[in-house]
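Chemist: Residue numbering for the sequence shown is -23 to -1, 1 to 492, as defined by mature numbering (1 follows the signal peptide of the UniProt record, and there is no 0).
This is the structure I have questions about; it appears just below.
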Amino acid sequence: MSMSEACVILFAIMLLLISSKEAASFQSGSRSILLAVGGENKAVVDYAVDLNSKNFDSVLRDTPATHAIVEFFASWCPACRNYKPHYEKVARLFNGPDAVHPGIVLMTRVDCALKINNKLCDKFSVSHYPMLFWGPPSKFASQGMEPKEEKSEIRMIDDGRTAEHLVSWINKHLGSSYGLDDEKFENEHLHSNTSDPGQIARAVYDVEEATAFAIEIILEHKMIKQHTRVSLIKFLQLLVVHHPSKRCRKGSAEVLVNFDDLCPPDMWSPDKQEVVSDGKGMLGNFQICGKEVPRGYWMFCRGSKNDTRGFSCGLWVLLHSLSVRIEDGESQFAFRAVCDFIHNFFICEDCRRHFYQMCSSVTVPFNTSRDFALWLWSTHNKVNKRLMKEKASLGTGDPKFPKVIWPPKQLCSLCYLSHNRRENGTSQIDWDMNEVYKFLTGYYGKTLTSLYKEKGHLGDEVTDGAIVDLVASTNAVVVPVGAALAIALASCAFGALACCWRSQQKTRKPRRSWN
């Protein structure tokens, strides 16, 4: 064999090897093909949420979004493949933690080419691909669905063939002015929601967000010390029984059951830090309000500027919601748990110092839940008064959500006996305390949880992870009568389940990340 023939054969072998590698990469999916053809190294991001018959109901029932779009398509359909970039351009505006306009429209898709989705596609009488439907998310879910009543609320989008057409259709039906070029918000078009009592229902999502965010801050700044452990335990005990979200109650219970494992006294020691690379310990891998939380955005507590409202608003709503749910015998315990939690774990130094000063000024123990709820309301108004002056002088307030004495008359006119303005420009308000308390219990009680009540996320019981030997297993302080009774009932009912759950936790493999 001549040298030239050998070179030709060697070159042919090299071509075969290269082509086989490319073919292998193509088999991994269309995304790899697009990357190979396009010559790009940047990963393609899908914003639309993929649904199937297994998760269809739960995703649409649990979303905080007010509206939903479901695209029914077939993966073999060329027109569907061509339409995907258009759909993704719109989904970028509404879906995910980096959404430009979060919490408004959930954009999803269902692949009717998969056998698992045959019945789902038949249920919506899918006649062509792609086919888009619009409606309230909960109406898509099969639970309690009555076609005669609800089909009118789920309508087909008749003109969404391009990204521009789809955005125009959405704007027409919402009276909005969204654009494909919109970028991550400064929310200059956000309307104030403080005078609409029904809007607080959307804050239940913010309460979950604030709970998860608080735990994240605590771990990020390594704030669980030997002298702060009891404060965290007491606050978690309060969340277990009285958090407005069932999944946060469940998560708090699971943290307490496994507190010594998740938060050992030496969790910040050098030896422990070598084992846990992110520096947050085992608790850092635990999602206290479920796998969907944190979502990365705020609903009721969203400010018109990116650096206003948010976490502080969500935390206040959480505290108020706790204050109207406790029993009379728990009022002093709740007071101490809230004060100690803010004192030990709120990262803003001035804020926690001022708050704790107001806690320290209380000399008589609380005997009723009414007293505690009204004290927290009064304390919040004192904070607002102080911040009104500071933000006015520094120009750091939110122009759409200025600090006000709360509640305003638009929300509770009966709360005001008289409202006069002094010569120095300050207000003098005489409150009807009975009406104020009545308003607080309605606003932060039934109205706050009304959305979750509709979706079945509420319940008075602590489920799936009941608290077994709570005090003993966490070396915690004695809980108040009401909480102890709830814990005892939950323990009796779910003791076996919790023991089984704990044994599974010790043997199970870590969950794979969605990221």
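Beta carbons are placed, not taken as given, at the ideal position from N, Cα and C, and that holds for glycine.
Check Met276 in the structure and name its three-state DSSP category.
Modeler: Mapped onto the sequence shown, residue 276 falls at position 299. Three-state DSSP puts Met276 in coil, outside helix and strand.
Chemist: Thinking C-beta only, is Tyr421 closer than 9 angstroms to Val315?
Modeler: Reading the sequence shown from its first residue, position 338 is the one you call residue 315. Reading the sequence shown from its first residue, position 444 is the one you call residue 421. It is not a contact, given that the beta carbons lie outside the stated cut-off.
Chemist: Considering only the alpha carbon of each residue, which of His396, His297 and Ser395 lies closest to Tyr414?
Modeler: Within the sequence shown, numbered from 1, the residue matching residue 414 stands at position 437. Closest option to Tyr414, Cα to Cα, is His297.
Chemist: By Cβ distance below 7 angstroms, which residues in the same chain neighbour Phe263 in space, the five residues on each side in sequence not counted?
Modeler: Taking the sequence shown and counting its residues from 1, the one referred to as residue 263 is at position 286. Result list for Phe263: Val232 and Leu239, in chain order.
Chemist: Starting from the N-terminal side, write out each stretch of the beta strand (DSSP E) that is 3 residues or longer and does not extend beyond the stretch 343 to 417.
Modeler: If we require 3 residues or more, the beta strand (DSSP E) runs fully inside the stretch 343 to 417 come out as 393 to 398 and 404 to 408.
Chemist: Counting beta carbon pairs with one atom in the stretch 40 to 58 and one in the stretch 98 to 112, are three or more of them shorter than 8 angstroms?
Modeler: Enough Cβ pairs lie closer than 8 angstroms, so yes.
Chemist: Would you identify the three-state DSSP class for Met335, choosing helix, strand or coil?
Modeler: On the sequence shown, position 358 is the one that residue 335 refers to. Met335 falls in the helix class under three-state DSSP.
Chemist: Between Gln309, Lys61, Val234 and Ala187, which lies nearest to His220 when the distance is taken from Cα to Cα?
Modeler: The residue given as residue 220 occupies position 243 in the sequence shown. Residue Ala187 is the option with its Cα nearest to His220.
Chemist: On the CB-based measure, 16 or more other CB atoms within 10 Å of its CB, does Val218 come out buried or exposed?
Modeler: By one-based count along the sequence shown, residue 218 stands at place 241. When all chains shown are included, Val218 counts as buried.
Chemist: Ends of the alpha helix (DSSP H) at Ile195?
Modeler: Numbered from 1 along the sequence shown, position 218 holds the residue referred to as residue 195. Run containing Ile195: Ala180 to Glu197, per the alpha helix (DSSP H) assignment.
Chemist: Could you tell me the alpha carbon to alpha carbon distance between Leu425 and Ser229, rounded to whole angstroms?
Modeler: Position 448 of the sequence shown, counted from the start, is the residue given in the question as residue 425. Position 252 of the sequence shown, counted from the start, is the residue given in the question as residue 229. Taking the straight line joining both Cα atoms gives about 20 angstroms.
Chemist: Skipping 5 residues on each side, what residues in its chain have a beta carbon closer than 8 angstroms to that of Ser404?
Modeler: Walking along the sequence shown from the start, residue 404 turns up at place 427. Ile382, His396, Asn397 and Arg398, listed in sequence order.
Chemist: Short of 8 angstroms in beta carbon distance, which residues of its chain neighbour His198, apart from the five on each side in sequence? Order them along the chain.
Modeler: Within the sequence shown, residue 198 is the residue found at index 221, counting from 1. Around His198: Ile324.
Chemist: Going by beta carbon distance, what residues of the same chain come within less than 7 angstroms of Gly73, once the five residues before and after it are set aside?
Modeler: Against the sequence shown, residue 73 aligns to sequence position 96. Excluding residues within five positions, the ones whose Cβ falls inside 7 angstroms are Tyr24.
Chemist: Thinking C-alpha only, which one of His63, Phe49, Glu185 and His142 is nearest Pro41?
Modeler: Here residue 41 corresponds to residue number 64 of the sequence shown, with the count starting at 1. Of the candidates His63, Phe49, Glu185 and His142, the one whose C-alpha sits nearest the C-alpha of Pro41 is Glu185.
Chemist: Does the structure place the stretch 365 to 374 close enough to the stretch 342 to 350 that three or more beta carbon pairs sit under 8 angstroms?
Modeler: The stretch 342 to 350 is not in contact with the stretch 365 to 374.
Chemist: Among Met276, Val87, Val181 and Glu130, which residue has its Cα nearest to the Cα of Phe71?
Modeler: Along the sequence shown, one-based indexing puts residue 71 at 94. Of Met276, Val87, Val181 and Glu130, the residue nearest in Cα terms is Met276.
Chemist: Return yes when the Cβ of Ile131 is within less than 9 angstroms of the Cβ of Trp146, no when it is not.
Modeler: Taking the sequence shown and counting its residues from 1, one reaches residue 146 at position 169. Taking the sequence shown and counting its residues from 1, one reaches residue 131 at position 154. No; because the gap between Cβ atoms is not below 9 angstroms, this pair is not in contact.
Chemist: Please classify Ile93 as buried or exposed, where buried requires at least 16 neighbouring CB atoms within 10 angstroms.
Modeler: On the sequence shown, residue 93 is found 116 positions in, with the first residue counted as 1. Classification of Ile93: exposed, given that the 10 Å Cβ count is below 16.
Chemist: Helix, strand or coil, according to DSSP, for Phe310 in the structure here?
Modeler: Reading the sequence shown from its first residue, position 333 is the one you call residue 310. Residue state, collapsed to three classes: helix.
Chemist: Are the stretch 306 to 315 and the stretch 284 to 293 touching, with three or more C-beta to C-beta distances below 8 angstroms?
Modeler: The stretch 306 to 315 is not in contact with the stretch 284 to 293.
Chemist: Could you check how far apart the C-beta atoms of Arg313 and His320 are, in whole angstroms? I think they sit under 8 angstroms.
Modeler: Position 336 of the sequence shown, counted from the first residue, corresponds to residue 313. Position 343 of the sequence shown, counted from the first residue, corresponds to residue 320. That pair is no contact at about 10 angstroms.
Chemist: With DSSP as the reference, please indicate the residues paired to Arg132 in a beta bridge.
Modeler: On the sequence shown, residue 132 is found 155 positions in, with the first residue counted as 1. In the DSSP output, where bridge partners are listed per residue, Arg132 has Trp111.
Chemist: Would the beta-carbon of Val87 fall within 9 angstroms of that of Ala140?
Modeler: Indexing the sequence shown from 1 puts residue 87 at position 110. Indexing the sequence shown from 1 puts residue 140 at position 163. Result no, Cβ atoms of Val87 and Ala140 do not sit closer than 9 angstroms.
Chemist: For Thr85, write down the residues that DSSP places opposite it in a beta bridge.
Modeler: Residue 85 sits at position 108 when you count from the first residue of the sequence shown. Looking at the DSSP assignment, Thr85 forms a beta bridge with Val26 and Val47.
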